[in-house]
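Take the sequence shown: its letter number 132 is residue 386 in this note's numbering, and every next letter is one higher.
Think of the CB as a built atom: it goes at the ideal place given N, C-alpha and C, for glycine as much as any other residue.
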Amino acid sequence: MQPQQQQGESTLSITTAPEAISDGVDLATSDPRQALVPFYILPESLSWSPDSSWLAYTTSDGRAWLQAADGDQPIEITGVQAAPPARLIPAWSSGGDQLIVYGICGFDYPLWTAMWLVAINTGGIKEIRPLIDPSRASSPVYQNEGVVYSASWSSDSRKIAYTFMGEAWVYDAEEDSHSQVTRITLDPIIRDVAIESFNGVKEVSWSPDSKWLALGLSCNCQNPYSGVAALEISTGNVKLLADGAGNVGWSPDGQWVTIKNVSGDWGPEYTYDFYGADPATGDLINLTSSNPDFDPLLDGYDHFRPGTYQVAELHWGPDGIYLYTIRAYMLGDQGVQDKPAIGFVVREDPVTPP
């Protein structure tokens, strides 16, 4: 049983012509969803199986692939079909015997979205079936088109959390059922700041013990238009952890929801850090401390002080040690320009500055 979709919507059935890969762009095509485009591998889709025997990835023409670590040719996951241009993301179960592929496709609004479940064995693809048939998504939330932006496996690989129509949903593999676990579009989360409440979910991430879901929130408002909350599975209670933050994840021990502040505008003078938030209490700790004179979440922008560099990405090791990349900005002929990451910092104790 799939989640209930909007009435009157149809499913998408596309057959991608093999010659489309080499023919380039056909601007004369009347329907942009049928246009031939130059296809490429999406770098953000590259994902190794837990035992490193398979590499899953997708291409911009809406197809998904498996590449064996010791194989020559990739195997197409032929049941995955999406209209180009597409942004599909694969995600492995903890055992490496299952894979979900989800994302968005097409030009027109409302966008198309879908999610497939793929069973894997030693020879490659064992079975594939849609968990959400390709369909047009919808949502009442500004900055959130209602597509499957995010999906996450529980640690025991029995459940999949995902975003759809502006809410968080959970698919139970044992019961083959979908359930909506938030009602934020109907019952928004009130914010302390004097702007619109959070009324949509755009990110989901299971805690390592599967007792919590971290939620990335969106709203019908301007910047800062995102926040982070924690959903306790046993009670259904949702607690707002941070306003003006996103990029939800977890520390390996499940102690913290990891988030990144997104308030303010991009520029050389702004501070961007990663934080750990206690899902039960909401207590915050700055994990990266890039600016000794100002903390964007704990101090607030009324106490703004410019920093010398910004934190770009955070990566955890299994033992709790983490590293983060840093970047700076330079002034060029066209104004402020983003430079590549200029280095990284390894930390073991977030309380003691590096």
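Nearest-angstrom Cβ-Cβ length linking residue i and residue j, presumed shorter than 8 angstroms
| i | j | result |
| --- | --- | --- |
| residue 364 | residue 301 | Residue 364 to residue 301, Cβ: 27 angstroms. No contact. |
| residue 614 | residue 460 | Given that the chain is displayed from residue 255 to residue 608, the structure contains no residue 614 and the question cannot be resolved. |
| residue 252 | residue 366 | Residue 252 lies beyond the range of the chain shown here (255 to 608); nothing can be said about it. |
| residue 382 | residue 372 | 5 angstroms |
| residue 546 | residue 525 | About 10 angstroms; that fails the 8 angstroms criterion. |
| residue 566 | residue 580 | 7 angstroms |
| residue 527 | residue 542 | 5 angstroms |
| residue 456 | residue 433 | Actually they are not in contact, since the Cβ atoms of residue 456 and residue 433 sit about 19 angstroms apart, beyond 8 angstroms. |
| residue 572 | residue 506 | 6 angstroms |
| residue 436 | residue 427 | That pair is no contact at about 20 angstroms. |
| residue 405 | residue 369 | 6 angstroms |
| residue 320 | residue 378 | 6 angstroms |
Test: residue i CB closer than 8 angstroms to a CB of chain C
| i | result |
| --- | --- |
| residue 598 | Among the protein chains of the structure shown there is no chain C, as only one such chain exists. |
Helix, strand or coil at residue i [DSSP, three-state]
| i | result |
| --- | --- |
| residue 600 | strand |
| residue 472 | strand |
| residue 277 | Here residue 277 scores only 34 on pLDDT, less than 50, and its place in the model should not be relied on; the value that follows carries that caveat. Three-state DSSP puts residue 277 in a helix. |
| residue 299 | helix |
| residue 492 | strand |
| residue 257 | coil |
| residue 367 | strand |
| residue 561 | coil |
| residue 334 | coil |
| residue 534 | coil |
| residue 544 | coil |
| residue 426 | strand |
| residue 438 | coil |
| residue 499 | strand |
| residue 510 | coil |
| residue 568 | strand |
| residue 264 | Annotation note: pLDDT 28 at residue 264 (below 50); position unreliable, no value reported. |
| residue 433 | strand |
| residue 552 | coil |
| residue 445 | coil |
| residue 282 | With a pLDDT of only 34 at residue 282, under 50, the local geometry of the prediction cannot be trusted, and the value read off the model is given with reservation. Three-state result, residue 282: coil. |
| residue 269 | Confidence in residue 269 is poor, its pLDDT being 29 and thus under 50, which makes the residue's placement too unreliable to answer from. |
| residue 585 | Note that residue 585 scores a pLDDT of 47, beneath 50, so its modelled location is shaky; the value from the coordinates is reported in the next line. Reduced to three states, the DSSP call for residue 585 is strand. |
| residue 291 | Per-residue confidence for residue 291 stands at a pLDDT of 39, beneath the threshold of 50, marking its modelled position as unreliable; no derived number is given. |
Run of the beta strand (DSSP E) containing residue i, from where it starts to where it stops
| i | result |
| --- | --- |
| residue 352 | 352-359 |
| residue 529 | 528-531 |
| residue 484 | 480-486 |
| residue 311 | 308-313 |
| residue 341 | 340-346 |
| residue 452 | 452-460 |
| residue 574 | Note, residue 574: premise wrong, no beta strand (DSSP E); not H, not E. |
| residue 321 | 317-322 |
Any non-hydrogen atom of the ligand PLP closer than 7 angstroms to residue i Cβ
| i | result |
| --- | --- |
| residue 375 | As presented, the structure is devoid of all ligands, the ligand PLP included, so that no description of it is given. |
To test your reading of the DSSP string, which unbroken beta strand (DSSP E) runs of 3 or more residues are found completely within the segment 373-418?
For the beta strand (DSSP E) assignment, the uninterrupted runs of no fewer than 3 residues enclosed by the segment 373-418 are, from N- to C-terminal side, 378-390, 405-407, 413-418.
Can you find at least 3 beta carbon pairs, one from the segment 473-492 and one from the segment 502-514, that sit closer than 8 angstroms?
Below 8 angstroms, enough C-beta pairs join the segment 473-492 and the segment 502-514 to call them touching: three or more.
Given 8 angstroms, three or more beta-carbon pairs between the segment 303-320 and the segment 329-338
The answer is yes - the segment 329-338 touches the segment 303-320, with three or more Cβ pairs under 8 angstroms.
Is there contact between the segment 485-495 and the segment 560-569, where contact requires at least three CB pairs shorter than 8 angstroms?
The count of Cβ pairs closer than 8 angstroms, one atom from the segment 485-495 and one from the segment 560-569, stays below three, leaving the stretches out of contact.
Validate contact between the segment 452-466 and the segment 408-415 using beta carbons, cut 8 angstroms, 3 pairs
Using a C-beta cut-off of 8 angstroms, the segment 452-466 makes contact with the segment 408-415, since at least three inter-stretch Cβ pairs fall below that distance.
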